[in-house]
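Residue numbers (the working numbering), protein chains in the order written: chain A, 1 to 292; chain B, 1 to 306.
Structure follows, in structure tokens:
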């Protein structure tokens with residue numbers, strides 16, 4: 001506390017916050033997509049992130065190829081797993097009360113996390129790649145974080161382009177606005193659900209692959225991302241996709257600012273306090289209602 | 001049936017009261033833990049089974065109670081029994097802080113808010129080292145009170161089951177269940193849903209806090225990882241879903257069945273056991289959403305209030 005805070009430190013914090021925030025935005029976009037299209041909160045979202053991170057770990061461990069290229073494996077793999085889970089399990093609770101989908105995805109997440117414990121053990125793993133930092137003036141930019149940021153931004157922009165411009169993307173947004181009307185317009189809503197769950201899982205997996213080069217990997221790492229992604233979509237307004245971008249950046253900034261003033265243990269609690277405050281003061285999110 | 005059931009209950013209770021006189025230390029501890037799980041499962045049932053608002057962080061109340069009681073016992077020289085009651089009070093205060101903002105909203109906000117709760121409380125407990133001992137935990141003075149804690153734990157399980165019975169057979173219970181079935185309709189009928197949800201939540205937090213305090217005294221040593229494990233929440237949820245959520249005896253049935261299986265068989269296969277828990281949740285949600293007891297109720301036309 002006694003350390004005086006300089007302009008450089010604030011600059012560093014803002015940059016770090018944005019770097020972290022882009023990842024949050026990308027991962028939360030997936031959760032927002034599933035929630036928008038199916039009104040399902042996917043408690044297993046972070047589990048896909050964890051599996052994506054393990055894909056990257058084994059990719060670089062076994063193949064020895066650049067970890068960022070593992071996105072080519074983790075995203076399609078988790079897309080398929082997501083489609084499979086949607087097809088076999090989640091589809092049965094889409095129109096059921098929220099209780100069912102929350103519990104179902106919670107059950108899926110427990111099963112997958114413990115399968116990962118069994119298969120990969122709970123040892124901490126890490127992918128060593130580009131450990132240095134670039135110095136821009138007084139600000140140090142961790143190389144892996146900057147590259148992960150760039151990938152996250154590119155993937156997020158691509159996802160937005162896809163949702164805005166392609167026929168499938170438009171069908172997804174239409175289903176999100178009203179699945180009855182979408183059905184009447186000849187959109188195969190069941191198939192849209194499959195694609196949405198797949199895309200969301202791929203986004204989570206991308207998040208996993210990108211954090212794998214920064215932090216330690218273990219089977220229970222996903223839960224905190226489920227929580228943070230939810231916080232991001234609450235900040236942005238549930239079901240509001242541009243809101244998810246804003247929310248992610250905001251969460252990144254707040255966390256980094258908190259780490260400047262507080263110890264790490266307390267800054268973990270900051271996201272939580274933020275959630276409770278937003279729910280108290282602005283329950284519809286910062287941007288308000290739904291917009292896709 | 002109407003006359004047999006109370007008789008069976010009374011005889012069962014009598015046997016449980018006399019049990020410590022004839023059982024070994026290990027057997028007493030086994031039953032003590034069983035009571036603990038009944039109490040925890042039944043508590044989760046009060047909020048999630050009755051109002052349909054899922055709490056993913058119920059172990060936070062258990063841990064908070066354990067710490068509050070342990071601090072009162074070690075630093076302030078309290079007896080463990082009143083200290084455990086204060087553990088329950090501490091848990092209720094925590095529930096008030098979380099529940100007040102989150103339960104005013106509908107939908108999954110509450111569930112997610114409880115998802116992070118456990119981690120946050122654990123982080124805070126680790127941080128305030130001067131009070132909680134941080135990562136090194138708190139050791140409670142050892143006392144030979146297993147027998148007394150057995151009765152206290154049993155009383156907690158009995159109290160929360162009796163409370164479930166009182167609630168489910170009363171208008172308050174109907175209000176809770178109306179919220180679960182259709183919250184908008186509940187509001188339209190004049191039920192102050194925010195208030196009743198909060199009542200259910202506070203009620204469901206109290207006993208886990210008390211039980212946490214008893215657990216702390218029984219094990220004699222607590223640390224953040226031992227009283228805030230996610231697995232405890234998972235176990236509570238599985239027990240209730242398996243037995244039958246929203247019923248009086250479902251959580252008891254689930255707790256007894258799964259605890260016995262867990263102690264006999266699964267303890268040796270930790271991760272498999274948790275995979276199985278995940279699978280049970282999925283299967284119950286998809287195939288028998290009312291659990292074992294709910295299925296029996298439908299098949300044999302048992303009364304709803306069972």
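All residues carry an ideal CB built from backbone N, CA and C; glycine is no exception.
Within chain B, partners of residue i - CB distance below 7 Å
| i | result |
| --- | --- |
| residue 166(A) | The premise fails here: residue 166(A) is roughly 29 Å from chain B at the closest Cβ pair, so nothing lies under 7 Å. |
| residue 230(A) | 112 |
| residue 190(A) | Near residue 190(A) there are no residues of chain B at all, since even the closest Cβ is about 17 Å away, more than 7 Å. |
Neighbouring residues, chain A, relative to residue i (Cβ below 7 Å)
| i | result |
| --- | --- |
| residue 274(B) | 110 and 114 |
| residue 234(B) | 110 |
| residue 126(B) | 265 |
| residue 271(B) | 114, 117 and 118 |
| residue 101(B) | 276, 279 and 280 |
Inter-residue spacing [alpha-carbon to alpha-carbon] between residue i and residue j
| i | j | result |
| --- | --- | --- |
| residue 7(A) | residue 135(A) | 16 Å |
| residue 15(A) | residue 76(A) | 31 Å |
| residue 73(A) | residue 55(A) | 7 Å |
| residue 156(A) | residue 222(A) | 20 Å |
| residue 39(B) | residue 46(B) | 11 Å |
| residue 167(A) | residue 207(A) | 25 Å |
| residue 193(A) | residue 108(A) | 18 Å |
| residue 277(B) | residue 128(B) | 34 Å |
| residue 260(A) | residue 269(A) | 14 Å |
| residue 312(A) | residue 87(A) | This structure cannot speak to residue 312(A), because chain A is shown only from 1 to 292. |
| residue 22(B) | residue 210(B) | 27 Å |
| residue 122(B) | residue 244(B) | 30 Å |
| residue 95(B) | residue 158(B) | 22 Å |
| residue 246(A) | residue 284(A) | 14 Å |
| residue 291(A) | residue 40(A) | Its pLDDT being 46, under 50, residue 291(A) is placed unreliably in this model, and the coordinates cannot settle the point. |
| residue 96(A) | residue 205(A) | 27 Å |
| residue 20(B) | residue 31(B) | 9 Å |
| residue 254(B) | residue 266(A) | 37 Å |
| residue 307(B) | residue 98(B) | A question about residue 307(B) goes unanswered here, because the residues of chain B that appear run from 1 up to 306. |
| residue 199(A) | residue 112(B) | 22 Å |
| residue 61(A) | residue 143(A) | 20 Å |
| residue 84(A) | residue 101(A) | 16 Å |
| residue 27(A) | residue 50(A) | 12 Å |
| residue 2(A) | residue 138(A) | Below a pLDDT of 50, predicted positions are generally treated as unreliable, and residue 2(A), at 49, falls in that range; no measurement from the model is reported. |
| residue 64(B) | residue 73(B) | 14 Å |
| residue 307(B) | residue 274(B) | With chain B running from 1 to 306 in the structure shown, residue 307(B) is simply not present. |
| residue 131(B) | residue 71(B) | 8 Å |
Exposure of residue i, with buried meaning 16 or more beta-carbon neighbours within 10 Å
| i | result |
| --- | --- |
| residue 109(B) | buried |
| residue 154(A) | exposed |
| residue 180(B) | buried |
| residue 118(B) | buried |
| residue 106(A) | buried |
| residue 10(B) | exposed |
| residue 44(A) | buried |
| residue 225(A) | buried |
| residue 188(A) | exposed |
| residue 19(A) | buried |
First through last residue of the alpha helix (DSSP H) which encompasses residue i
| i | result |
| --- | --- |
| residue 16(A) | 7–38 |
| residue 41(B) | 25–44 |
| residue 161(A) | 143–165 |
| residue 59(B) | 59–76 |
| residue 58(A) | 45–58 |
| residue 225(A) | 222–236 |
| residue 76(A) | 71–88 |
| residue 218(B) | 193–219 |
| residue 293(A) | Residue 293(A) is absent from the model: chain A starts at 1 and stops at 292. |
| residue 249(B) | Neither: residue 249(B) is in no alpha helix (DSSP H) and is coded neither H nor E. |
| residue 4(B) | 4–22 |
| residue 99(B) | 80–102 |
| residue 118(B) | 109–127 |
| residue 233(B) | 230–243 |
Amino acids of chain A, ordered along the chain, whose beta-carbon sits closer than 9 Å to that of residue i
| i | result |
| --- | --- |
| residue 119(B) | 223, 224, 227, 268, 269 and 272 |
| residue 107(B) | 39, 41, 98 and 238 |
| residue 196(B) | Under the 9 Å cutoff, chain A gives no residues; its nearest Cβ is about 17 Å from residue 196(B). |
Within chain B, the residues that residue i reaches when beta carbons sit closer than 8 Å
| i | result |
| --- | --- |
| residue 55(A) | Correct list: empty, because the minimum Cβ distance to chain B is about 20 Å. |
| residue 104(A) | 281, 282, 285 and 286 |
| residue 27(A) | Ordered by position in chain B, no residue passes the 8 Å Cβ test against residue 27(A), which lies about 15 Å from the chain. |
| residue 89(A) | 282 and 286 |
Continuous beta strand (DSSP E) stretch holding residue i: start and end
| i | result |
| --- | --- |
| residue 269(A) | First-last for residue 269(A): 264–281, but that is the alpha helix (DSSP H), not the beta strand (DSSP E). |
| residue 136(A) | 133–136 |
Cross-chain neighbours of residue i in chain A, by beta carbon under 8 Å
| i | result |
| --- | --- |
| residue 60(B) | Per Cβ cutoff of 8 Å: no residues; residue 60(B) is ~11 Å from chain A at best. |
| residue 240(B) | Residues of chain A passing the Cβ test: none, with the nearest at roughly 10 Å. |
Counting pairs of Cβ atoms below 8 Å between the region 13–25 of chain B and the region 133–141 of chain B, do you hit three or more? In short, these stretches do not touch, since the Cβ pair count stays below three.
Decide if the region 60–67 of chain A is in contact with the region 225–233 of chain A; the criterion is three or more beta carbon pairs, one per stretch, under 8 Å apart. no
Quick check: the region 189–206 of chain B against the region 163–179 of chain B, are at least 3 beta-carbon pairs closer than 8 Å? yes
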